[in-house]
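Encoded as C-alpha cells, the structure appears first; notes follow it.
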Amino acid sequence: MKRILFPTDFSEAATNAFVHALEFAKIVQGELVLLHAFELPVFDNQFFPENYMVIYESVELSQFEMFKEEIPKLRAIAEERHLDKIRMTHRLMDGNLLYNINKSIKDDKIDYVVMGTEGASGWSEFFSGTNTGNVLADVDVPILCIPIEAKYKKTETIGFTTRFRPKDKKALKQIVKLAKMAGAEVKCLYVKTSKSDVDKETIKKWEHDFEEEPIEFFVINSDEVKETILDFILYQEIDILTMLTYKRTFFQGLFHPSLTKKFANNFDVPILAIPLED
Numbered sequence: 590m591k592r593i594l595f596p597t598d599f600s601e602a603a604t605n606a607f608v609h610a611l612e613f614a615k616i617v618q619g620e621l622v623l624l625h626a627f628e629l630p631v632f633d634n635q636f637f638p639e640n641y642m643v644i645y646e647s648v649e650l651s652q653f654e655m656f657k658e659e660i661p662k663l664r665a666i667a668e669e670r671h672l673d674k675i676r677m678t679h680r681l682m683d684g685n686l687l688y689n690i691n692k693s694i695k696d697d698k699i700d701y702v703v704m705g706t707e708g709a710s711g712w713s714e715f716f717s718g719t720n721t722g723n724v725l726a727d728v729d730v731p732i733l734c735i736p737i738e739a740k741y742k743k744t745e746t747i748g749f750t751t752r753f754r755p756k757d758k759k760a761l762k763q764i765v766k767l768a769k770m771a772g773a774e775v776k777c778l779y780v781k782t783s784k785s786d787v788d789k790e791t792i793k794k795w796e797h798d799f800e801e802e803p804i805e806f807f808v809i810n811s812d813e814v815k816e817t818i819l820d821f822i823l824y825q826e827i828d829i830l831t832m833l834t835y836k837r838t839f840f841q842g843l844f845h846p847s848l849t850k851k852f853a854n855n856f857d858v859p860i861l862a863i864p865l866e867d
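Residue 590 is where the sequence shown starts when you use the working numbering, and the numbers rise one by one after that.
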C-alpha cells in the first residue's frame, strides 16, 4: 500500500490540498500520514530564568490543542466525500518543517508528498523560498503540489513534459501506471526549440514503445518553452501536470516571477514533481 505524507498548517490552502490528497490516496489505494510541524520560539534563558520552560510548555500545549481541534474537521471532509475508509495516521512534531518531512519520509516509508500552496499569485515565492519550495529542493520522492485555486476535479488527463531522456522514459512508465489506476489518459509534450538536440528517430522510438498505452505525443516547435507549456495546460485541458525536476533548475526556471504574473489567472492545476538526477 502506498503511503502519502500530507504536511498541513491547517490553512485554507492546506485544507484545499487535503481533498486532493484524499482523492489521490483513493487512486493509488494508499493511506495518509498527516504531519503538523511547528517550531518553538528561541529565547535567551538568561532573561527568563524562572519561566523559561513555562513558555515552551505553553507553546507546545497550544499547538497540541489546535491539532486536536483541526483533525476532526479533516475527518469530516473525508466523510463528506465518502473517503473516510482511507486510513489516516497523525504526526505532531516540533522542529524544522523540512527536517520533519524528511524524517517522516524515512521513518514512515513515504511514497508521495502532497502539499498546498497559496496559489498562482504566490508561485514565484512558492518555488524559490517558502516551505513547499524548500521541500522541492530537498525531498527525493514525488511531490504533488496543489495551488489554492485548484479545486478538485476528476483526473482525466495527465500532462507529461519530456526531453526524451532515458530517465524520462522510466518516469513516464510510472505515470502510465498512475493514469491507468485513475482511468485517465496521458498527453506527453516536447517543446522543440531551435537548440533542441532530439532527433526524429528517438521520438518515433518512444511512440513505438508506448503505442499500446493511453498516451498521445505532442511535439511543438517553439523557443517560448514556458508559454508553450502553459498553453498546453490550457488547451489540452490538463488536470495534473507532471514535470521532471532535474535538480529543480528547469522547474524553478519555468516559474520565473515575470512569467507567473503574466499567467497567474490561467495556472491553477496541480503539479506532480518527480525529482531526477541530471
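Beta carbons are placed, not taken as given, at the ideal position from N, Cα and C, and that holds for glycine.
Buried or exposed by the 16-neighbour rule on C-beta atoms within 10 Å, applied to residue i
i, result
"Leu761", "buried"
"Tyr779", "buried"
"Met677", "buried"
"Leu624", "buried"
"Lys824", "The question names Lys, but residue 824 in the sequence shown is Tyr. By the neighbour-count rule (16 or more Cβ atoms within 10 Å), Tyr824 is not buried but exposed."
"Pro661", "exposed"
"Met832", "buried"
Beta-carbon gap between residue i and residue j smaller than 8 Å
i, j, result
"Val728", "Ile666", "no"
"Pro595", "Val703", "The sequence shown places Phe at residue 595, not Pro. In this structure, Val703 lies closer than 8 Å to Phe595 by Cβ."
"Leu672", "Lys615", "yes"
"Ala626", "Gly684", "yes"
"Ile863", "Thr744", "no"
"Ile764", "Val775", "yes"
"Thr751", "Cys734", "no"
"Val622", "Arg670", "no"
"Asp533", "Ser783", "With the chain covering only 590 through 867, there is no way to say anything about residue 533."
"Lys756", "Leu611", "no"
"Asp696", "Ile593", "no"
"Ile737", "Cys777", "no"
Residue closest to residue i, alpha-carbon to alpha-carbon, out of the options
i, options, result
"Ile694", "Phe821, Lys591 and Glu805", "Lys591"
"Cys827", "Phe599, Arg670 and Ile860", "Before going further, note that residue 827 is Ile rather than Cys in the sequence given. Of the listed residues, the one whose Cα sits closest to Ile827 is Ile860."
"Lys742", "Asp598, Asp857 and Lys766", "Asp857"
"Phe656", "Tyr701, Thr597, Asn605 and Glu620", "Thr597"
"Thr746", "Ala768, Ile732, Ala739 and Pro736", "Ala768"
"Pro810", "Asp786, Leu686, Gly772 and Asp696", "With the sequence shown as reference, residue 810 is identified as Asn, and Pro is not the correct amino acid for it. Measuring from the Cα of Asn810, the nearest candidate turns out to be Asp786."
"Ala773", "Gly748, Asn691 and Tyr688", "Gly748"
Host beta strand (DSSP E) of residue i (start-end)
i, result
"His679", "Met677 to Asp683"
"Phe627", "Glu620 to Phe627"
"Leu833", "Ile829 to Leu833"
Endpoints, the alpha helix (DSSP H) within which residue i is located
i, result
"Val858", "No alpha helix (DSSP H) contains Val858, which DSSP labels as neither H nor E."
"Phe821", "Val814 to Tyr824"
"Thr604", "Glu601 to Val617"
### Task
Quick one: which unbroken beta strand (DSSP E) runs of 3-plus residues sit fully inside the stretch 715-792? Chain order, please.
The stretch 715-792 contains these whole beta strand (DSSP E) runs: 732-736, 746-750 and 774-781.
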